[in-house]
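Notes follow the structure.
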Amino acid sequence: QVTLKESGPGILQPSQTLSLTCTFSGFSLSTYGMGVGWIRQPSGKGLEWLANIWWDDDKYYNPSLKNRLTISKDTSNNQAFLKITNVDTADTATYYCARIPLRRVSFDYWGQGVMVTVSS
Amino acid sequence: DVQMTQSPSYLAASPGESVSISCKASKSINTYLAWYQEKPGKTNKLLIYSGSTLQSGTPSRFSGSGSGTDFTLTIRSLEPEDFAVYYCQQHNEYPLTFGSGTKLEIK
């Protein structure tokens, strides 16, 4: 059974760095073709893709967030991570991680999401 | 970036009816279009990928069609559990982009 669960700080202040963890089970990020992505959704709004990381450590980022994103993984502990630097109120959103079993399939399993609020 | 224009943004229908949701890409995405269902208290569900391939577990009343820039999600004979928000997403190129969503409500 594939499950993913996001965790994060809940609330942080502008200019801080947001660190998110995706802990998953039921698959391995060392499996050929496997990937994990991060997507966010401000309250009442649509979905925005942030970054993907692949089994071979290939990484892709949304250029709209310029150089603020860093995605990484810990294959041994079945975790993926996302850092967003210099946050501001526009980064307030629910953040999701999701599995990508193959590039042609896209996100087949999602976590429940973790709400993050940026406020002074 | 590939812009995904999804319509309508809101749709009201009755159980048993059939509905269609459109998703148009700003340039060709071949057939790399996914459809998701969002419901409160549940994780997002992948319904269809690569334009028309049903994800395992997706009921056969759901179907996807299209290629290039124009895609359609059709739900035949709506069931009560189908009332939800639906998103399209192109997975042809980076950055991956989503449509703005369609809220399907009971009439």
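Chains as they are written, first to last, in this note's numbering: chain D, 1 to 120; chain R, 121 to 227.
The beta-carbon is built from N, C-alpha and C at its ideal position, and this holds for glycine as well.
From which residue to which residue does the beta strand (DSSP E) around ASN52(D) run? Where ASN52(D) is concerned, the enclosing beta strand (DSSP E) stretches over 48-54.
Check the Cβ of SER25(D) against every Cβ in chain R and list those closer than 8 angstroms, keeping chain order. Per Cβ cutoff of 8 angstroms: no residues; SER25(D) is ~14 angstroms from chain R at best.
SER76(D) (DSSP reduced to helix, strand or coil): Residue state, collapsed to three classes: helix.
Beta-carbon of GLN123(R) versus every beta-carbon of chain D: anything under 8 angstroms? No, GLN123(R) does not count as interfacial toward chain D.
Is it the case that the segment 209-218 of chain R contacts the segment 172-189 of chain R, given that we only count it when at least three CB pairs across the two stretches are under 8 angstroms? Not touching, per the Cβ criterion.
I need the boundaries of the beta strand (DSSP E) containing TYR156(R), first residue and last residue. Annotation: the continuous beta strand (DSSP E) that includes TYR156(R) extends over 153-158.
Euclidean distance between Cα positions of ARG99(D) and TRP38(D): Using only the alpha carbons, I get a separation of about 9 angstroms.
I'd like to know if LEU166(R) contacts chain D, where contact means its C-beta is closer than 8 angstroms to some C-beta of that chain. Closer than 8 angstroms: yes.
TRP54(D) CB to nearest chain R CB: under 8 angstroms? When Cβ-Cβ separations below 8 angstroms define contact, TRP54(D) makes no contact with chain R.
Out of curiosity, what's the CA-to-CA distance linking ASP121(D) and SER119(D)? Since the first and last residues shown for chain D are 1 and 120, residue 121(D) lies out of range.
Output the distance between the C-alpha atoms of VAL139(R) and LEU166(R), rounded to the nearest integer angstrom. About 18 angstroms.
Decide if the segment 173-193 of chain R is in contact with the segment 9-16 of chain D; the criterion is three or more beta carbon pairs, one per stretch, under 8 angstroms apart. Under the Cβ criterion (8 angstroms, minimum of three pairs), the segment 173-193 of chain R does not count as touching the segment 9-16 of chain D.
Return yes when the Cβ of ILE141(R) is within less than 8 angstroms of the Cβ of THR101(R), no when it is not. Residue 101(R) is absent from the structure shown; chain R starts at 121 and stops at 227.
Beta-ladder partner(s) of TYR96(D), from DSSP: Under the DSSP definition of a beta bridge, TYR96(D) partners with ILE39(D).
Give me the subset of the segment 211-222 of chain R whose CB atoms are less than 8 angstroms from a CB atom of chain D, sorted by chain position. Residues of the segment 211-222 of chain R with a C-beta atom less than 8 angstroms from some C-beta of chain D are HIS211, TYR214, PRO215, LEU216, THR217, PHE218, GLY219, SER220 and GLY221, listed in chain order.
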